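Note sheet for the following structure.
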Amino acid sequence: MTKFFARNRTEPGRRRFARFAILLAAGLAVATATALAAGTQVYDSKTRKWVNYDRTKAYRHWKQHKQVPEAFRPQMVKFRTAEKPGTIIIDGNQHFLYLVQPGQKAIRYGIGVGREGFGWAGIVRIGRTAEWPTWTPPAEMVARDPNARKWAGGQPGGPDNPLGARALYLYEGDQDTIYRIHGTPEPWTIGLDVSSGCIRMNNDDIVDLHSRIEVGAKVIVLMQGAALYKGV
Amino acid sequence: MTFAWPWLRGALAAAAVVVSHGYAGAADLVIAMPNWSSGQATANIIKVGLKKELGLDADVVEMGTLIAFTGLDSGQVDIHPEVWLPNLDNLVKRYVTDAGTVAISPTGVPAWQGICANRAAADEAGIRDISDLQDQKKTAALDTDGDGQGEMWIGASTWSSTTIERIRANSYGYAATLTLLEMPEDVGMAAVDAAEATARPVVFACYAPHAVFKLHDIARLSEPPYDPAKWKVVLPSEDAEWLSKSEASVGWDAAHYHVAYATSLREKHPDVVRFLERMDLKPEEAIDMSYALQVERQDPYKFAEQWVAKNEARVDGWAKP
Chain A
1 MTKFFARNRT
11 EPGRRRFARF
21 AILLAAGLAV
31 ATATALAAGT
41 QVYDSKTRKW
51 VNYDRTKAYR
61 HWKQHKQVPE
71 AFRPQMVKFR
81 TAEKPGTIII
91 DGNQHFLYLV
101 QPGQKAIRYG
111 IGVGREGFGW
121 AGIVRIGRTA
131 EWPTWTPPAE
141 MVARDPNARK
151 WAGGQPGGPD
161 NPLGARALYL
171 YEGDQDTIYR
181 IHGTPEPWTI
191 GLDVSSGCIR
201 MNNDDIVDLH
211 SRIEVGAKVI
221 VLMQGAALYK
231 GV
Chain B
1001 MTFAWPWLRG
1011 ALAAAAVVVS
1021 HGYAGAADLV
1031 IAMPNWSSGQ
1041 ATANIIKVGL
1051 KKELGLDADV
1061 VEMGTLIAFT
1071 GLDSGQVDIH
1081 PEVWLPNLDN
1091 LVKRYVTDAG
1101 TVAISPTGVP
1111 AWQGICANRA
1121 AADEAGIRDI
1131 SDLQDQKKTA
1141 ALDTDGDGQG
1151 EMWIGASTWS
1161 STTIERIRAN
1171 SYGYAATLTL
1181 LEMPEDVGMA
1191 AVDAAEATAR
1201 PVVFACYAPH
1211 AVFKLHDIAR
1221 LSEPPYDPAK
1231 WKVVLPSEDA
1241 EWLSKSEASV
1251 GWDAAHYHVA
1261 YATSLREKHP
1271 DVVRFLERMD
1281 LKPEEAIDMS
1291 YALQVERQDP
1301 YKFAEQWVAK
1311 NEARVDGWAK
1321 P
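These protein sequences, in sequence, are chains A and B. Residue numbers for the first sequence follow the working numbering, so the first one is 1 and each next one is one higher. Residue numbers for the second sequence follow the working numbering, so the first one is 1001 and each next one is one higher.
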């Protein structure tokens, strides 16, 4: 039985969208993220209350259970859609990624997203994939972050690499959008809004997703936080 | 996959092109097939029906609306299964009224468009009437980006209807309480799917017939009926001040779609004309067609064979002398 449901906390006044430049500058700063503004809540079926799910709670939960709350673990769910099996639908607001399956079902994974949503929405496709990918910090990050500077030429893939075990590169047509669905060395950040315009998943989950998708798969990123954008 | 219909897509429909030129075959008739699902199903239902009832072979050829009308005019195409009015009034004037080379069946299928809500929005958030969209206490439930203000998808940016939905939002006043989103239809519909999967409220611009009504439990918001005196639409192409100069604080006018055929058929095949003019498809049937082709991914021809078998008595009636 599902114990937790996730939702996004309404925070009046919180900035609605993130600009591309900010996202680019933030890049994949997983290790240095100051992710204090997590906007997620989870539903505790024992107390029947929505509780804030922030970085501290997320880390505590992870230390205690060695896994994320149930809502963010992979699970088969009912998902009625006209999209064909193999399509990925990303709901940043609720921190879910759906992989559409036959029979009006989907495999739902928990995801971590950018602190202010994605800043973009639309239809892209998986242009290519990589196992234990190299991470190259954006120039802006190299300029301001000494930790990133040493990897200016690229950090080799491995357990400490911010991209985690796999990366799915999102393309619009033949153009790399610079956004990726990738793993993470910080699995407790799943379900949170942390610093990045990318979509992060648990390493086990991204390995599982990677094994199920095909290059060319359609990816629909929903509109949350992207009111001013008309496509990627 | 696309749900878009030509009456919504205005400019796109005009730019449609022939996908295949394979209609110079030996068949008795050529049926134009549009790229949306109910049109594809209907084109094949006509093909199967004409073969069964009149023994005629027809080629179904995918092509855009403009090309189809050119073909109907020149005699290369005999039938078009869905011509949307009043959206294609300009083509109807040119080919039906002025040239007289194309005829429109008098029987039309009524269409509807407006604003829709899922059950969570209608029953839990209390959004049932267009005026509810001006109540920020209600629309806050539609917030998906954490700013306290709800969002609503109003269509693809390429659709002519999207401009009008923006005018309507401005005229009714909910442009101030909702963030209006323009996105391709697949994104808008996937947002409805995701909201339904987690029982969250969602409100969106919609039209019927459409597969979404069979896919999910969707309510249509009530609103004042269309009144031409309250419908003044100035398009961005006409005036930079289009939004402030427009006013549309009533529901959309009703639309219909009809079968069109080359008038040369009246002499060549009056039995075919009789068949086409008696076709009386219902909006619910068009929803079923869209669902079968788009969601269940049925082959249009196989779907048509089953449909004709299931509706045999009715199809027989269309052909009766």
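Cβ coordinates follow ideal geometry from the N, Cα and C atoms, glycine included. For clarity, every value in this text was computed on a predicted model and none was experimentally measured.
Which bits of chain A does Val1295 (chain B) rub up against, with CB to CB less than 7 Å? The count along the second sequence starts at 1 and reaches residue 1295 (chain B) at position 295. Listed along chain A are Ala82, each with a C-beta nearer than 7 Å to that of Val1295 (chain B).
Beta-carbon within less than 8 Å of Lys1052 (chain B)'s beta-carbon, same chain only, minus the 5 sequence neighbours each way: which residues are those? The residue you call residue 1052 (chain B) lines up with position 52 of the second sequence. Around Lys1052 (chain B): Val1308 and Val1315.
Please tell me whether Val113 (chain A) and Arg166 (chain A) are closer than 9 Å, where the distance is taken between their beta carbons. Numbered from 1 along the first sequence, position 113 holds the residue referred to as residue 113 (chain A). Numbered from 1 along the first sequence, position 166 holds the residue referred to as residue 166 (chain A). No, the pair does not count as a contact, with Cβ atoms beyond the cut-off.
In the DSSP assignment, find the unbroken alpha helix (DSSP H) run with Arg1166 (chain B) in it and report its ends. Here residue 1166 (chain B) corresponds to residue number 166 of the second sequence, with the count starting at 1. Here the alpha helix (DSSP H) through Arg1166 (chain B) covers Ser1160 to Tyr1172.
Could you name the residues of the same chain whose beta carbon sits closer than 8 Å to that of Gln64 (chain A), not counting the 5 residues immediately before and after it, in chain order? Taking the first residue of the first sequence as position 1, residue 64 (chain A) is located at position 64. Cβ neighbours of Gln64 (chain A) within its own chain (closer than 8 Å, five residues either side excluded): none.
With 9 Å as the threshold, decide whether the Cβ of Ile220 (chain A) is near any Cβ in chain B. Indexing the first sequence from 1 puts residue 220 (chain A) at position 220. Under the 9 Å criterion on CB atoms, Ile220 (chain A) is classed as interfacial with respect to chain B.
Measure the C-alpha to C-alpha separation of Ala80 (chain A) and Ile88 (chain A) and round it to an integer number of angstroms. Working through the first sequence from its first residue, we reach residue 80 (chain A) at position 80. Working through the first sequence from its first residue, we reach residue 88 (chain A) at position 88. For clarity, residue 80 (chain A) is Arg in the given sequence; the question names Ala instead. One C-alpha to the other measures close to 13 Å.
Are three or more beta carbon pairs between the stretch 1083-1091 of chain B and the stretch 1039-1059 of chain B nearer than 8 Å? Contact fails between the stretch 1083-1091 of chain B and the stretch 1039-1059 of chain B, because fewer than three Cβ pairs, one in each stretch, are under 8 Å apart.
Inside the stretch 1194-1263 of chain B only - alpha helix (DSSP H) runs reaching at least 4 residues: Those alpha helix (DSSP H) runs which fall completely within the stretch 1194-1263 of chain B and span 4+ residues are 1212-1215 and 1242-1245.
In chain A, which residues lie with their C-beta within 7 Å of the C-beta of Val1187 (chain B)? Locating residue 1187 (chain B) in the second sequence gives position 187, where the first residue counts as 1. What Val1187 (chain B) touches in chain A: Ala121, Gly122, Ile123, Ile220, Leu222 and Met223.
If you draw a straight line from the alpha carbon of Ala1190 (chain B) to that of Ala1292 (chain B), how long is it in whole angstroms? In the second sequence, counting from the first residue as 1, residue 1190 (chain B) sits at position 190. In the second sequence, counting from the first residue as 1, residue 1292 (chain B) sits at position 292. Taking the straight line from one Cα to the other gives about 18 Å.
What is the C-beta distance between Pro185 (chain A) and Gly154 (chain A), in whole angstroms, given that I count them as a contact (C-beta under 8 Å)? Reading the first sequence from its first residue, position 185 is the one you call residue 185 (chain A). Reading the first sequence from its first residue, position 154 is the one you call residue 154 (chain A). Between Pro185 (chain A) and Gly154 (chain A), the beta carbon gap of about 16 Å keeps them out of contact (Cβ cut-off 8 Å).
List, in order along the chain, the chain B residues whose C-beta lies closer than 9 Å to that of Asp91 (chain A)? Start at 1 with the first residue of the first sequence, and residue 91 (chain A) comes out as number 91. Those within 9 Å of Asp91 (chain A) in chain B are Thr1144, Ala1190, Ala1191, Ala1194, Ala1195, Ala1197 and Thr1198.
If you draw a straight line from the alpha carbon of Glu1223 (chain B) to that of Ala1099 (chain B), how long is it in whole angstroms? As a position in the second sequence, residue 1223 (chain B) is number 223, starting the count at 1. As a position in the second sequence, residue 1099 (chain B) is number 99, starting the count at 1. Taking the straight line joining both Cα atoms gives about 39 Å.
Amino acids of chain A, ordered along the chain, whose beta-carbon sits closer than 8 Å to that of Ala1175 (chain B): The residue you call residue 1175 (chain B) lines up with position 175 of the second sequence. Residues of chain A passing the Cβ test: none, with the nearest at roughly 12 Å.
Which residue wins for smallest C-alpha separation from Phe72 (chain A), given the options A:Asp205, A:Tyr171, A:Arg180 and A:Pro162? Here residue 72 (chain A) refers to the residue found at position 72 of the first sequence. Out of A:Asp205, A:Tyr171, A:Arg180 and A:Pro162, the CA that lies nearest to the CA of Phe72 (chain A) is found in A:Asp205.
Three-state secondary structure assigned by DSSP to Met1152 (chain B): The residue labelled residue 1152 (chain B) in the question sits at position 152 within the second sequence. Under the three-state reduction of DSSP, Met1152 (chain B) is assigned to strand.
Within chain B, partners of Val113 (chain A) - CB distance below 9 Å: Residue mapping note: residue 113 (chain A) aligns to position 113 of the first sequence, counting from 1. Neighbours of Val113 (chain A) in chain B, taken as residues whose beta carbon is under 9 Å from its own, are absent, since the nearest beta carbon is some 11 Å off.
Please list, in chain order, all residues of the same chain as Ser1105 (chain B) whose beta carbon is under 6 Å from its beta carbon, the five residues on each side excluded. Position 105 of the second sequence, counting from 1, holds the residue named residue 1105 (chain B). His1258, Val1259, Leu1276 and Glu1277, listed in sequence order.
Counting contacts by CB-CB distance shorter than 9 Å, is Ala1292 (chain B) in contact with chain A? Taking the first residue of the second sequence as position 1, residue 1292 (chain B) is located at position 292. Judged by the 9 Å Cβ criterion, Ala1292 (chain B) is not in contact with chain A.
Please return the same chain residues whose Cβ sits closer than 7 Å to the Cβ of Thr1163 (chain B), not counting the five positions on each side in sequence. For the purposes of this step, residue 1163 (chain B) is taken as residue 163 along the second sequence, with counting starting at 1. Cβ neighbours of Thr1163 (chain B) beyond the five flanking positions: Leu1235 and Pro1236.
In chain order, what residues of the same chain lie with their CB nearer than 7 Å to the CB of Ala217 (chain A), ignoring the 5 residues before and after it? Stepping through the first sequence from its first residue, residue 217 (chain A) is reached at position 217. Excluding sequence neighbours, Ala217 (chain A) sits near Gly86, Thr87, Ile88, Arg125 and Ile126.
Closer than 6 Å by C-beta to Ala1103 (chain B): which residues in its own chain qualify, once you throw out the five before and the five after it? Chain order, please. Numbered from its first residue, the second sequence carries residue 1103 (chain B) at position 103. Cβ-Cβ distances below 6 Å link Ala1103 (chain B) to Tyr1261 and Thr1263 in the same chain, with the five nearest sequence neighbours on each side left out; the list follows chain order.
Nearest-angstrom Cα distance between Lys1320 (chain B) and Ala121 (chain A)? Indexing the second sequence from 1 puts residue 1320 (chain B) at position 320. Indexing the first sequence from 1 puts residue 121 (chain A) at position 121. Roughly 53 Å separates the two Cα atoms.
To the nearest angstrom, how far is the alpha carbon of Val1187 (chain B) from that of Glu1247 (chain B)? Counting from one through the second sequence, the residue named residue 1187 (chain B) turns up at place 187. Counting from one through the second sequence, the residue named residue 1247 (chain B) turns up at place 247. Roughly 28 Å between the two C-alpha positions.
Give a yes or no on whether the minimum CB-CB distance between Ala1211 (chain B) and chain A is below 9 Å. Counted from its first residue, the second sequence places residue 1211 (chain B) at position 211. Closer than 9 Å to some Cβ of chain A, the Cβ of Ala1211 (chain B) qualifies, so yes.
Less than 9 Å separating the beta-carbons of Ile107 (chain A) and Val219 (chain A)? Translated into positions along the first sequence, residue 107 (chain A) becomes position 107. Translated into positions along the first sequence, residue 219 (chain A) becomes position 219. Contact check for Ile107 (chain A) against Val219 (chain A) fails: the beta carbons are separated by 9 Å or more.
Going along chain B, which residues have a C-beta under 8 Å from Gln94 (chain A)? Residue numbering aside, residue 94 (chain A) sits at position 94 when the first sequence is read from its first letter. By Cβ distance, chain B contributes Ala1194, Thr1198 and Arg1200.
Using beta carbons (cut-off 9 Å, strictly below), is Gly216 (chain A) in contact with chain B? As a working note, residue 216 (chain A) is residue 216 in the first sequence. Chain B, which has no Cβ nearer than 9 Å to the Cβ of Gly216 (chain A), makes this no.
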